[in-house]
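Enquirer:
Protein chains: 2
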Amino acid sequence: MSTLDGFWAVIPAGGAGTRLWPLSRSASPKFLRDLTGTGRSLLQQTHDRLAPLAGDRFLVVTGRAHRAAVTGQLDRLADDAVLAEPSARDSMAAIGLAAALLERRDPDAVMGSFAADHVITDAEGFRECVRAGVAVAREDWLVTLGIEPTFPSSAFGYIHLGDELPGHPGVHGVREFVEKPSSGVAAEYVATGRYRWNAGMFLVRPTVLLDLLGTWHADFAERLRAIAAEPARLEELWPDLPRIALDHAVAEPAAAAGRVATVPSDFGWDDVGDFDSLATILEAAGAAGGATVLGDPSLVEGVDSTGLVVPRSGRLVAVVGLDDAVVVDTPDALLVTTRARAQEVKAVVEALKQSGRADLT
Amino acid sequence: MSTLDGFWAVIPAGGAGTRLWPLSRSASPKFLRDLTGTGRSLLQQTHDRLAPLAGDRFLVVTGRAHRAAVTGQLDRLADDAVLAEPSARDSMAAIGLAAALLERRDPDAVMGSFAADHVITDAEGFRECVRAGVAVAREDWLVTLGIEPTFPSSAFGYIHLGDELPGHPGVHGVREFVEKPSSGVAAEYVATGRYRWNAGMFLVRPTVLLDLLGTWHADFAERLRAIAAEPARLEELWPDLPRIALDHAVAEPAAAAGRVATVPSDFGWDDVGDFDSLATILEAAGAAGGATVLGDPSLVEGVDSTGLVVPRSGRLVAVVGLDDAVVVDTPDALLVTTRARAQEVKAVVEALKQSGRADLT
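Taken in sequence, the protein lines are chains A and B. Yeah, the first sequence ends on 390 if you go by my numbering, and it's all consecutive. Yeah, the second sequence ends on 390 if you go by my numbering, and it's all consecutive.
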């Protein structure tokens, strides 16, 4: 299996993952953790999934605080494959910087941008979709992968499908990107069969991305290209870049302008947003009855209980008579909640910061 | 306040308290633990509650494995105030041995026997009842304190009241002791107003107790008196003593023979049978809203949760969105359950023993 000519994998590796506290910490966030018990972090799994297509053509964009950890985990990559942002400036700046560098490095490049902290069940199915999308992106479309919804989630944005693209069977134009809807609206979307989840996965030629950005944010595109031309100016130019997501800066207006296409996809995707998501992923991976254990099962004594137990302190964890429990045991902090309340874990992180115990977050 | 002439406090200190695992361990059972956050163990609290009546007239009967811990906790007592049983032989042997020793030591003795691991809210009310009971016991009754039921518990035995005793207003004869009833039967008992909880608290002259025992178990009484006469024979005679509770050996037949009286009592009693009991005790002691914390409140971050949290490992414990949760965090083991399921904790202890991890029990 040969790699895909000119295909570059761009991995923005950011996000704190506070709803996965205490597994995810600000010093060691979600993407650096092995959350699925495979022995590989989510970042490493993202790399492994893309390597058959990209070979060694990777650009990872991360915060300075995490650069050493990222290069340590991805030790096959060249040192200049990991870019350190001077400060967090949201996804447009991170992905735009990669685009500006690639534009100069490889005129035939097609870049694919994929978050470092998502889980994908069917890696080969994912790569099939990327291959299809790259072919479309070479024709100067901004291409996104549109995930088949498995339930009417109110936690994700949606992609509204347009007509099929001539010459690309199964690939559709995008009428619009829709912000996270209510559950009721989401159910209507799903019922039509014309909506897909927006997983933030984009395939695009770097020049196309930067030119689209320049259409609505001329200064922004110009600064990114200036940094790429003179990397020494990174410190000078970076702090003034707007904090904006790629979706808002480019994808939404480009869809309105008829420049976006989507590859409808069904490869088992999850953004592992909280412990409820994680439990679903691990159960789908074939856990037996009782509570699902992420870690050493001999450390868990469950009596008539279901849910997710993460024994990461070496201590015995006994759970008696709880349904859909979430118990996450780490050396310095313990979380006990339920799958239904798992989203509220971020309230704990907030409370800890406010009470002067940021060392635990 | 002077002590009560000739009153000896006998404290059988046994029982594993497995339903309070992982706070209570076989090597450090319930009675040696500070379960109420007062800084004193249940054993020490039992001593403190009785000292105003008994002065230094105490006999504590415990297992050999715990003798050193008991003398360490009760360091004001004379060394011979703590008796070590060669092996566990249930309450009749333990309390009977104390009776046999006291019979020789103090012909005017009235002994009161009180378990080392119960909680009493109103210590002065308790002592009032003991004073009243001792006066009756001097007239050769076997006297028990009959606890006013606060709900129709199926976890306790009941005392069925008979007629008031002439000359002792408020003190009643006992018609019978009833084994733990079903909840339905317990509700009928409570509705009559003629039943009290049997807390296993007995006041009696040592000779009366041994003579009553001798009526139904002649050999048993004889062996106990032989040990008291020649303490060197303890090892020889002890192993063959019957394993039987005082209630069955003496109290039940004595009630049938019209020899038992009870002092109806209402001093706030609990045997701290499980974490549900413990939560009730601590809440009654005035916990604020949210989860009740036994330990350092700064170690607990509760979000919209109720129940009991015991942070004993120094780690932060976060509980999110759980009602009536029980979270007990110790350095080598963690328990998560609910108040309603707290009785099933003993299943964990059994499972650990069977899987070769008795070191954690």
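Positions of the beta carbon are idealized from the N, C-alpha and C atoms, including for glycine. Since the structure is predicted, the reported quantities are computational estimates derived from the model, not experimental observations.
Does residue 327(B) pass the burial test, meaning 16 or more other C-beta atoms within 10 Å, or should it be called exposed?
Expert: Burial call: exposed.
Enquirer: Can you name, in chain order, every residue of its own chain whose Cβ lies under 6 Å from the Cβ of residue 58(B), other than the five neighbours on each side?
Expert: Correct list, in chain order: 45, 46.
Enquirer: Closer than 8 Å by beta-carbon distance: list the chain A residues that pair up with residue 361(B), in chain order.
Expert: What residue 361(B) touches in chain A: 344, 345.
Enquirer: At a CB-CB cut-off below 7 Å, which residues of chain E make contact with residue 358(A)?
Expert: Looking for chain E here will not work: the only protein chains present are A and B.
Enquirer: Under a CB-based cut-off of 8 Å, is residue 322(A) close to chain B?
Expert: By this cut-off, residue 322(A) is not an interface position.
Enquirer: Go to residue 192(B), then tell me how far its beta strand (DSSP E) extends in each direction, as first and last residue.
Expert: Segment 187-194, the beta strand (DSSP E) holding residue 192(B).
Enquirer: Going by beta carbon distance, what residues of the same chain come within less than 8 Å of residue 242(B), once the five residues before and after it are set aside?
Expert: Around residue 242(B): 121, 125, 249, 250, 253, 278, 279.
Enquirer: Exposed or buried, which one is residue 262(B) when buried takes at least 16 other CB atoms within 10 Å?
Expert: It counts as exposed.
Enquirer: Please look up how many angstroms separate the CB atoms of residue 85(A) and residue 112(A), rounded, as I've assumed it's under 8 Å.
Expert: Between residue 112(A) and residue 85(A) the Cβ distance is about 15 Å, and since that is not below 8 Å, they are no contact.
Enquirer: If the cut is a Cβ gap below 7 Å, which residues of chain B does residue 46(A) touch?
Expert: Per Cβ cutoff of 7 Å: no residues; residue 46(A) is ~15 Å from chain B at best.
Enquirer: From residue 331(A) to residue 234(B), what distance separates their C-alpha atoms?
Expert: Rounded to the nearest angstrom, the two C-alpha atoms are 49 Å apart.
Enquirer: What does residue 319(B) reach in chain A if we use C-beta pairs closer than 8 Å?
Expert: Those do not exist, as residue 319(B) stays about 12 Å from chain A at its closest Cβ, beyond 8 Å.
Enquirer: What does a CB cutoff of less than 6 Å around residue 73(B) pick up in its chain, not counting 5 residues either side in sequence?
Expert: Excluding positions up to five away in sequence, the list reads 102.
Enquirer: Within a Cβ cutoff of 6 Å, which residues of the same chain sit near residue 79(A), ignoring the five residues on either side of it in sequence?
Expert: Contacts found: 38.
Enquirer: Report the rounded CA-to-CA distance for residue 266(A) versus residue 144(A), giving the unit in angstroms.
Expert: C-alpha separation (whole angstroms): 24 Å.
Enquirer: Whose Cβ in chain A lies nearer than 9 Å to the Cβ of residue 387(B)?
Expert: Per Cβ cutoff of 9 Å: no residues; residue 387(B) is ~12 Å from chain A at best.
Enquirer: Ignore the nearest five residues each way along the sequence and tell me which others in residue 257(B)'s own chain have a CB closer than 8 Å to its CB.
Expert: So the list reads 126, 129, 130, 132, 133, once near-sequence residues are dropped.
Enquirer: Which word fits residue 180(A), buried or exposed, when buried means at least 16 other C-beta atoms lie within 10 angstroms of its C-beta?
Expert: Classification of residue 180(A): exposed, given that the 10 Å Cβ count is below 16.
Enquirer: Between the C-alpha atoms of residue 176(A) and residue 151(A), what's the straight-line distance to the nearest angstrom?
Expert: Distance between the alpha carbons of residue 176(A) and residue 151(A) is about 13 Å.
Enquirer: What separation, rounded to the nearest whole angstrom, lies between the Cα atoms of residue 116(A) and residue 199(A)?
Expert: Taking the straight line joining both Cα atoms gives about 40 Å.
Enquirer: Cβ of residue 300(A) within 8 Å of Cβ of residue 147(A)?
Expert: Yes. Within cutoff.
Enquirer: Please list the partners that residue 49(B) has in chain A, where partner means a Cβ-to-Cβ separation under 8 Å.
Expert: Under the 8 Å cutoff, chain A gives no residues; its nearest Cβ is about 13 Å from residue 49(B).
Enquirer: So, do the segment 340-350 of chain A and the segment 356-376 of chain B have three or more beta carbon pairs nearer to each other than 8 Å?
Expert: Output reads yes: the segment 356-376 of chain B touches the segment 340-350 of chain A.
Enquirer: Starting from residue 335(A), find everything on chain B with Cβ-Cβ shorter than 7 Å and list it in chain order.
Expert: Result: empty, since nearest Cβ-Cβ is about 13 Å, beyond 7 Å.
Enquirer: Please report the distance separating the alpha-carbon of residue 194(B) from that of residue 269(B).
Expert: In a straight line, the C-alpha of residue 194(B) is about 38 Å away from that of residue 269(B).
Enquirer: Below 8 Å CB to CB, which residues in the same chain sit around residue 100(B) once its five sequence neighbours on both sides are set aside?
Expert: So the list reads 106, 108, 111, once near-sequence residues are dropped.
Enquirer: From which residue to which residue does the alpha helix (DSSP H) around residue 124(B) run?
Expert: Residues 119-134.
Enquirer: Output the distance between the C-alpha atoms of residue 156(B) and residue 307(B), rounded to the nearest integer angstrom.
Expert: Roughly 23 Å between the two C-alpha positions.
Enquirer: Would you mind giving the Cβ-Cβ distance between residue 174(A) and residue 289(A), rounded to the nearest angstrom? I have them listed as a contact below 8 Å.
Expert: Contact doesn't hold; Cβ gap of about 12 Å is too wide.
Enquirer: Run down chain B in chain order and give the residues with a C-beta less than 9 Å from the C-beta of residue 350(A).
Expert: Simply 366, 367, 369, 370, 371, 373.
Enquirer: Tell me which residue opens and which closes the alpha helix (DSSP H) that residue 374(B) is part of.
Expert: Unbroken alpha helix (DSSP H) run through residue 374(B): 374-383.
Enquirer: Could you name the residues of the same chain whose beta carbon sits closer than 6 Å to that of residue 291(B), not counting the 5 residues immediately before and after it, in chain order?
Expert: Closer than 6 Å at Cβ, skipping near neighbours: 173, 175, 188, 201, 203.
Enquirer: Check the Cβ of residue 376(B) against every Cβ in chain A and list those closer than 8 Å, keeping chain order.
Expert: Within 8 Å Cβ-Cβ: 332, 349.
Enquirer: Cβ of residue 94(B) less than 8 Å from any chain A Cβ?
Expert: Not closer than 8 Å to any Cβ of chain A, the Cβ of residue 94(B) fails to qualify, so no.
Enquirer: Nearest-angstrom Cα distance between residue 139(B) and residue 159(B)?
Expert: Residue 139(B) and residue 159(B): Cα-Cα distance of roughly 11 Å.
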